[in-house]
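Residue numbers (the working numbering): 318 to 804. Working notes for the structure below.
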Amino acid sequence: MRLFAVKPLVGTLLGFSTLLSLAGCPPGADTASKAPVYSRVLKGSEVAVLTAPPLVPPPIKRSQPTKVVVNLEVKEEKGRLADGVEYVFWTYGGSVPGSFIRIRQYDEVEFNLQNHPDNKMPHNIDLHAVTGAGGGAASSFTAPGHASKFSFKALNAGLYVYHCATAPVGMHIANGMYGLILVEPEGGLPPVDKEYYVMQGDFYTKGAYGEVGVQPFDMGKALQERPDYVLFNGSVGALVGDNAITAEVGETVRLFVGNGGPNLVSSFHVIGEIFDKVHQEGSASFGENIQTTLIPAGGAAWVEFKVDVPGTFIIVDHSIFRTFNKGALGMLKVTGEENKTIYSGKQEDGIYLPEGGAIQELPGERAKPVPAQRTKDERIAMGERIYQTICFACHQSKGQGVPGAFPPLANSDYLMADKERSILGVINGQSGPIEVNGQRFDGVMPAVTNITDDDVANVLTYVRNSFGNSGDMVTLAEVQAARAKKK
Ligand SMILES: [Cu+2]
Numbered sequence: 318m319r320l321f322a323v324k325p326l327v328g329t330l331l332g333f334s335t336l337l338s339l340a341g342c343p344p345g346a347d348t349a350s351k352a353p354v355y356s357r358v359l360k361g362s363e364v365a366v367l368t369a370p371p372l373v374p375p376p377i378k379r380s381q382p383t384k385v386v387v388n389l390e391v392k393e394e395k396g397r398l399a400d401g402v403e404y405v406f407w408t409y410g411g412s413v414p415g416s417f418i419r420i421r422q423y424d425e426v427e428f429n430l431q432n433h434p435d436n437k438m439p440h441n442i443d444l445h446a447v448t449g450a451g452g453g454a455a456s457s458f459t460a461p462g463h464a465s466k467f468s469f470k471a472l473n474a475g476l477y478v479y480h481c482a483t484a485p486v487g488m489h490i491a492n493g494m495y496g497l498i499l500v501e502p503e504g505g506l507p508p509v510d511k512e513y514y515v516m517q518g519d520f521y522t523k524g525a526y527g528e529v530g531v532q533p534f535d536m537g538k539a540l541q542e543r544p545d546y547v548l549f550n551g552s553v554g555a556l557v558g559d560n561a562i563t564a565e566v567g568e569t570v571r572l573f574v575g576n577g578g579p580n581l582v583s584s585f586h587v588i589g590e591i592f593d594k595v596h597q598e599g600s601a602s603f604g605e606n607i608q609t610t611l612i613p614a615g616g617a618a619w620v621e622f623k624v625d626v627p628g629t630f631i632i633v634d635h636s637i638f639r640t641f642n643k644g645a646l647g648m649l650k651v652t653g654e655e656n657k658t659i660y661s662g663k664q665e666d667g668i669y670l671p672e673g674g675a676i677q678e679l680p681g682e683r684a685k686p687v688p689a690q691r692t693k694d695e696r697i698a699m700g701e702r703i704y705q706t707i708c709f710a711c712h713q714s715k716g717q718g719v720p721g722a723f724p725p726l727a728n729s730d731y732l733m734a735d736k737e738r739s740i741l742g743v744i745n746g747q748s749g750p751i752e753v754n755g756q757r758f759d760g761v762m763p764a765v766t767n768i769t770d771d772d773v774a775n776v777l778t779y780v781r782n783s784f785g786n787s788g789d790m791v792t793l794a795e796v797q798a799a800r801a802k803k804k
C-alpha cells in the first residue's frame, strides 16, 4: 500500500501539468526538483530484460526512473499444444504467453515491435499499462518484415496485460498473442524467494481435445466461447512434471498471474495453499487469506504465499472441468522437511492427473483415422500418453485397477485372451459380469469417443505390453476391421 502512495497524486499532477502547458510552460522545462515526477528529464537508458514463462525478469534495483528500450519480435510458429497436437501460435517473443516485461513507474518506454518477415499477418500491441488511445495499438500496427516504434510513460504502477489488437482481434488473442508487463512502484516490490509467471488462455481447435495432428483455429467455437483447451502457459503440461515450478519449505512464492482469454474468466486456485496476499486485478492494495481469486480476461493478479510443507501443489482454474479435461493444470513442487503439526499425510502425485476430454456416455461421430504405419515401439510410446490421460482414471497408473470396481489390466488374462474384444471394449464401451484373474467384476466402462482408430491401436498396444503383459501389437487394420464388423 505504502509503496503506491504516490499513485493517487498522478491525477493531480496531470492537472498541474495541463495548467503549466496552458501557461506556455511545457512540463519538463522546469528544474528537476520542481517538475512533476513523471516529467523529469531521465538520465541514461537501458534495454529491458525479457523472459519466457514461467520465468520473471529480476527485480529492478534502480532508484530512479530511466528510459527503457523494449525490443519485442512477433513470430508465427508451429508449436506443441498437447502431446501429438500442434498449433500455429502467434507469439510475442516466441512464447505463449509472450515475453514478461518488467519496468518501473515513471520509466519512459521506447517500444520496438518487430514483425518477423516469415510471418503472414500484420500485428500490433495494446499494453494496458499505457495511458493513451489504443494503448499503443494504432502506433504499433506492423506488417510482416516491418518494425514500429512508439514510446510511453508508465504513469501507473501495477501488473498489466498486453495483447494484440489487430483485426480479427479475438483470433489474434486466441492464437496466443498476450503477455504481462509489470510496472513496479517506486521503491519496488517487497522481496520474496521465488517469482513465477503464469498466464491462462483458452484455445479453439477444429478437432476435439487431444485429437492429434496440426489443429487449425476454429472461429465458430471461439464465437460460442466453447474452448477445447484451457491452458496455463500455452500448452497441456507446460507446468507439470519436469516443467513444474518449484520452491523450498519456508520460502515465499509470488505468482504473477494473467489471463489472456480471449473469452473465459479464471477462478485461479492452488490446491492445498491459501494465498497470504492477493493483489486483485494487479492493484496496489491486497486482500489476505484468499482461497480462489477471479482473474478477468484481459486482467491480472499477483498472489503471494509462504510454503510451509512439502508436496505437489496443483495449480488450477477451479471451474474444474477446465483443469481435469481441458488442460488447465499446473504444479508447484515444494521440497523440504515435513511438518506433521501442519499437515499429517503424504500426498500422492498421481491423484491429480489430467483426465482428458474423451470420455462421454454416448458414442458420437468418430474422427477419420490417420493413415499410419507405426512400429510397435512407436505405438507403445504414443499409447502410454493416451493411457495416462484417459484410462488411468479408472484402471490406475500401473494398471492395478481398483478392487471391486475397475478390473486390473496388469497381468490380465481377460485382456490378453481376446484382442478384438478389447478393441470393441474401448470403442463401444463394455458392461456386464466378467472375470479377470479369478476376480469377478460387473461394472460399466463408457465408450471412449473422439478417439481415432490409430489411438485405439496405440493404447491397446501399450497395455498389452505393459504392467507385466507381453503380446504383439494392435494394428490400425485390426481396429478398423473390428469397427467394421460391429456395424
Ligand atoms: Cu496479432
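Every residue, glycine too, gets a C-beta built ideally from N, C-alpha and C. Bear in mind the structure is a predicted one, so any value in this text is a computation, not a measurement.
| Inter-residue Cα distance where the pair is Phe263 and Ile420 | Absent from the model: residue 263. The displayed extent of the chain is 318 to 804, so no value can be given.
| Closest residue to Val358 among Lys384, Ala446, Met699 (Cα-Cα distance) | Position 41 of the sequence shown, counting from 1, holds the residue named residue 358. Of the candidates Lys384, Ala446, Met699, the one whose C-alpha sits nearest the C-alpha of Val358 is Lys384.
| What do you get for Val761, buried or exposed, if any count of 16 or more other CB atoms within 10 angstroms of its CB means buried? | For the purposes of this step, residue 761 is taken as the residue at position 444 of the sequence shown. Exposed, because fewer than 16 other Cβ atoms sit within 10 Å of the Cβ of Val761.
| query | Nearest-angstrom Cα distance between Phe585 and Thr640? | reply | Within the sequence shown, numbered from 1, the residue matching residue 585 stands at position 268. Within the sequence shown, numbered from 1, the residue matching residue 640 stands at position 323. Straight-line Cα distance between these residues: approximately 11 Å.
| field | Among Leu476, Ala454, Ala698, nearest to Asn782 - alpha-carbon criterion | value | Position 465 of the sequence shown, counted from the start, is the residue given in the question as residue 782. Measuring from the Cα of Asn782, the nearest candidate turns out to be Ala698.
| task | Ignore the nearest five residues each way along the sequence and tell me which others in Gln619's own chain have a CB closer than 7 Å to its CB. | result | Counted from its first residue, the sequence shown places residue 619 at position 302. Residue 619 is actually Trp in this sequence, not Gln. Within the same chain, Trp619 has close Cβ partners Leu476, Arg571, Leu572, Phe573, Val574, His596, Gly599.
| message | So within the region 409-452, which uninterrupted alpha helix (DSSP H) runs reach at least 4 residues, ignoring any that extend past its ends? | response | none
| request: Would you check if the region 611-627 and the region 527-544 touch, i.e. whether three or more CB-CB distances between them fall below 8 Å? | output: no
| request: Given a cut-off of 8 Å, decide if Asn441 and Ser457 are closer than it, judged by their beta-carbon atoms. | output: Within the sequence shown, numbered from 1, the residue matching residue 457 stands at position 140. Within the sequence shown, numbered from 1, the residue matching residue 441 stands at position 124. It is a contact, given that the beta carbons lie within the stated cut-off.
| Cβ of Met762 within 7 Å of any heavy atom in ligand 1? | Residue 762 sits at position 445 when you count from the first residue of the sequence shown. Answer for Met762: no, Cβ out of range of ligand 1.
| task | Would you kindly work out how many angstroms separate the C-alpha atoms of Phe603 and Pro439, rounded to a whole number? | result | Locating residue 603 in the sequence shown gives position 286, where the first residue counts as 1. Locating residue 439 in the sequence shown gives position 122, where the first residue counts as 1. One C-alpha to the other measures close to 38 Å.
| task | Could you check the C-alpha separation between Lys802 and His712 for me, to the nearest Å? | result | By 1-based counting over the sequence shown, the position of residue 802 is 485. By 1-based counting over the sequence shown, the position of residue 712 is 395. Rounded to the nearest whole angstrom, the CA to CA distance from Lys802 to His712 is 27 Å.
| said: Suppose you measure from the CA of Val529 to the CA of Ile377; what does that come to, to the nearest Å? | reply: The residue labelled residue 529 in the question sits at position 212 within the sequence shown. The residue labelled residue 377 in the question sits at position 60 within the sequence shown. Approximately 43 Å, taken between the alpha carbons.
| task | Check the C-beta distance from Met648 over to Ala564 and give it rounded, since I have them as a contact under 8 Å. | result | Here residue 648 is taken as the residue at index 331 of the sequence shown, counted from 1. Here residue 564 is taken as the residue at index 247 of the sequence shown, counted from 1. Their Cβ separation, rounded to whole angstroms, is 11 Å, which puts Met648 and Ala564 out of contact at 8 Å.
| Can you find a heavy atom of ligand 1 that lies under 7 Å from the Cβ of His433? | Working through the sequence shown from its first residue, we reach residue 433 at position 116. Checking every heavy atom of ligand 1 against the Cβ of His433, none is found closer than 7 Å.
| task | For Val553, count neighbouring Cβ atoms within 10 angstroms of its own Cβ and tell me buried if that reaches 16, exposed if not. | result | Along the sequence shown, one-based indexing puts residue 553 at 236. Looking at its Cβ environment, which holds 16 or more other Cβ atoms inside 10 Å, Val553 is buried.
| field | Reference Ser465, options Gly721, Leu430, Pro371, closest by Cα | value | Position 148 of the sequence shown, counting from 1, holds the residue named residue 465. It is Leu430.
| Where do the N-terminal and C-terminal ends of the alpha helix (DSSP H) with Ser739 fall, by residue? | Translated into the one-based positions of the sequence shown, residue 739 becomes position 422. That run of the alpha helix (DSSP H) goes 736-745.
| Which residue or residues does DSSP assign as beta-bridge partners of Phe469? | Taking the first residue of the sequence shown as position 1, residue 469 is located at position 152. Phe469 is bridged to Val426.
| Apart from the five residues just before and just after Tyr404, which ones in its own chain have a Cβ nearer than 6 Å to its Cβ? | As a first step, residue 404 is located in the sequence shown; it is residue number 87 there, counting from the start. If we look at Tyr404 and ignore the five residues flanking it on each side, its Cβ neighbours are Leu398, Gln532.
| task | Go ahead and label Pro485 buried or exposed: buried means 16 or more other beta carbons lie within 10 angstroms of its beta carbon, across all protein chains shown. | result | As a working mapping, residue 485 is identified with position 168 in the sequence shown. Pro485 is classed as exposed because its beta carbon has fewer than 16 other beta carbons within 10 Å across all chains shown.
| What do you get for Leu679, buried or exposed, if any count of 16 or more other CB atoms within 10 angstroms of its CB means buried? | For the purposes of this step, residue 679 is taken as residue 362 along the sequence shown, with counting starting at 1. In this predicted model, Leu679 has a pLDDT of only 40, less than 50, meaning its place in the structure is not dependable; the value taken from the coordinates is given anyway. Classification for Leu679: exposed.
| Within 10 angstroms of its Cβ, does Val743 collect 16 or more other Cβ (buried), or is it exposed? | What you label residue 743 is simply residue 426 of the sequence shown in a count that begins at 1. Buried, by the Cβ-count rule.
| query | What do you reckon, are the CB atoms on Gly716 and Val776 nearer than 8 Å? | reply | Locating residue 716 in the sequence shown gives position 399, counting from the first residue. Locating residue 776 in the sequence shown gives position 459, counting from the first residue. No, they are not a contact pair.
| query | Is Leu398 helix, strand or coil by DSSP? | reply | If you number the sequence shown from 1, residue 398 lands on position 81. The answer is strand: DSSP assigns Leu398 an E or B state.
| So Phe592 is in the alpha helix (DSSP H); what residue range does that whole segment cover? | One-based indexing of the sequence shown puts residue 592 at position 275. From DSSP, Phe592 is part of no alpha helix (DSSP H) but of the beta strand (DSSP E) over 592-596.
| field | Where Gly332 falls, given that 16 or more other Cβ within 10 Å makes a residue buried | value | Here residue 332 refers to the residue found at position 15 when the sequence shown is read from its first residue. For Gly332, the predicted model reports a pLDDT of 35, less than 50, meaning its position is unreliable; a value from the coordinates is still stated below. When all chains shown are included, Gly332 counts as exposed.
| In the DSSP assignment, what residue or residues form a beta bridge with Ile768? | For the purposes of this step, residue 768 is taken as residue 451 along the sequence shown, with counting starting at 1. DSSP, once it has assigned bridges, lists no residue as partnering Ile768.
| said: With three or more beta-carbon pairs closer than 8 Å as the criterion, would you say the region 487-499 touches the region 399-418? | reply: yes
| message | What does the alpha-carbon distance come out to for the pair His635 and Leu581? | response | As a first step, residue 635 must be located in the sequence shown, where it is residue number 318. As a first step, residue 581 must be located in the sequence shown, where it is residue number 264. Our two residues, His635 and Leu581, have alpha carbons roughly 12 Å apart in a direct line.
| said: Is Met494 a contact residue of ligand 1, with contact defined as CB to any heavy atom under 7 Å? | reply: Along the sequence shown, one-based indexing puts residue 494 at 177. For Met494, the distance from the CB to the nearest heavy atom of ligand 1 is below 7 Å.
| What are the boundary residues of the beta strand (DSSP E) that includes Lys378? | In the sequence shown, the residue the question calls residue 378 occupies position 61. From DSSP, Lys378 is part of no beta strand (DSSP E); its letter is neither H nor E.
| field | Gly718, DSSP secondary structure in three states | value | Residue mapping note: residue 718 aligns to position 401 of the sequence shown, counting from 1. Correct three-state label for Gly718: coil.
| request: Kindly list the residues whose CB is nearer than 8 Å to the CB of Gly361, restricted to its own chain and excluding five residues on each side of it in sequence; keep chain order. | output: Your numbering for residue 361 matches position 44 in the sequence shown. The answer, listed in chain order, is Thr383, Lys384.
| task | Return yes when the C-beta of His440 is under 7 Å from any heavy atom of ligand 1, and no when it is not. | result | Reading the sequence shown from its first residue, position 123 is the one you call residue 440. For ligand 1, at least one heavy atom lies less than 7 Å from the Cβ of His440.
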